[in-house]
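Residue numbers (our numbering): 76 to 262. Think of the CB as a built atom: it goes at the ideal place given N, C-alpha and C, for glycine as much as any other residue. Note that the structure is a prediction, hence the values are computed from the model and not measured. Following: one structure in structure tokens, then a few remarks.
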């Protein structure tokens with residue numbers, strides 16, 4: 076099963092798992108492994124129809140388009156990479172943009188954004204957890220935390236971002252009003 080360490084270590088139940096990947100069957104998705112959604116954005120439309128926790132499992136090897144997460148503040152979504160696809164900036168927006176809700180990224184690669192940052196959490200109702208993930212080669216920078224968004228980032232690589240790859244934007248950038256110390260963790 077899929078263990079959810081950030082939710083007490085319980086395993087995901089089948090009805091909360093949604094598969095995402097560009098492969099045969101994604102044109103008529105059910106969210107099952109054999110008929111995944113073609114993009115994370117398409118799957119998130121389904122997630123937004125419920126308040127229940129959902130797990131998106133990214134499959135395949137084809138690069139996936141960037142996506143936004145804008146859920147009710149108390150709703151949570153887990154996105155798990157399987158070592159296959161990268162999330163890429165296809166629209167001049169962050170690879171992953173969290174506006175509201177609780178988002179946990181595990182084993183996700185966000186790479187090669189041509190314009191924006193790799194990951195953005197923006198707003199007081201945004202809470203980002205990122206573990207064992209890679210944010211690399213995004214010209215707008217690595218991770219941007221703004222406007223009192225809360226974050227925990229552990230065991231992740233945030234490297235070679237920004238135009239010169241060594242600027243202040245290459246790693247984790249916190250902007251706007253200070254985030255309370257209890258709401259920011261970087262290990």
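Would you say residue i and residue j are within 9 Å of each other, going by their C-beta atoms?
i: residue 153; j: residue 82; result: yes
i: residue 115; j: residue 135; result: no
i: residue 190; j: residue 225; result: no
i: residue 182; j: residue 202; result: no
i: residue 133; j: residue 139; result: yes
i: residue 218; j: residue 174; result: no
Can you check which of these residues, the options, is closest to residue i by C-alpha distance?
i: residue 121; options: 221, 141, 105 and 238; result: 105
i: residue 215; options: 186, 225 and 230; result: 186
i: residue 142; options: 99, 98 and 193; result: 193
i: residue 208; options: 131, 232 and 169; result: 232
i: residue 77; options: 108, 102, 119 and 130; result: 130
i: residue 80; options: 205, 175, 245 and 238; result: 205
i: residue 123; options: 150, 189, 138 and 137; result: 150
i: residue 184; options: 202, 247, 162 and 245; result: 162
i: residue 220; options: 237, 238, 198 and 94; result: 198
i: residue 96; options: 155, 179 and 128; result: 155
i: residue 171; options: 228, 148, 195 and 158; result: 195
If we count the other Cβ atoms within 10 Å of its Cβ and call it buried at 16 or more, is residue i buried or exposed?
i: residue 86; result: exposed
i: residue 90; result: exposed
i: residue 88; result: exposed
Keeping to the same chain, check which residues put their C-beta closer than 6 Å to that of residue i; ignore five residues upstream and five downstream.
i: residue 110; result: 100 and 104
i: residue 212; result: 186, 187 and 235
i: residue 108; result: 94
i: residue 180; result: 154, 205 and 208
i: residue 118; result: 93, 95, 112 and 131
Could you name the residues that DSSP lists as bridge partners for residue i?
i: residue 113; result: Partner(s): none; residue 113 has no beta bridge.
i: residue 86; result: 78
i: residue 188; result: DSSP, once it has assigned bridges, lists no residue as partnering residue 188.
i: residue 151; result: 177
i: residue 220; result: 196 and 249
i: residue 172; result: 143 and 195
i: residue 161; result: 184
i: residue 232; result: 209
i: residue 201; result: 176
i: residue 119; result: DSSP output for residue 119 lists no bridge partner at all.
i: residue 133; result: 95 and 156
Once you ignore the five residues that flank residue i on each side, which residues in its own chain have a CB closer than 7 Å to its CB?
i: residue 84; result: 78
Excluding five sequence neighbours on each side, which residues of the same chain lie with their C-beta closer than 8 Å to the C-beta of residue i?
i: residue 250; result: 219, 220, 221 and 222
i: residue 102; result: 113
i: residue 98; result: 111, 134, 135 and 137
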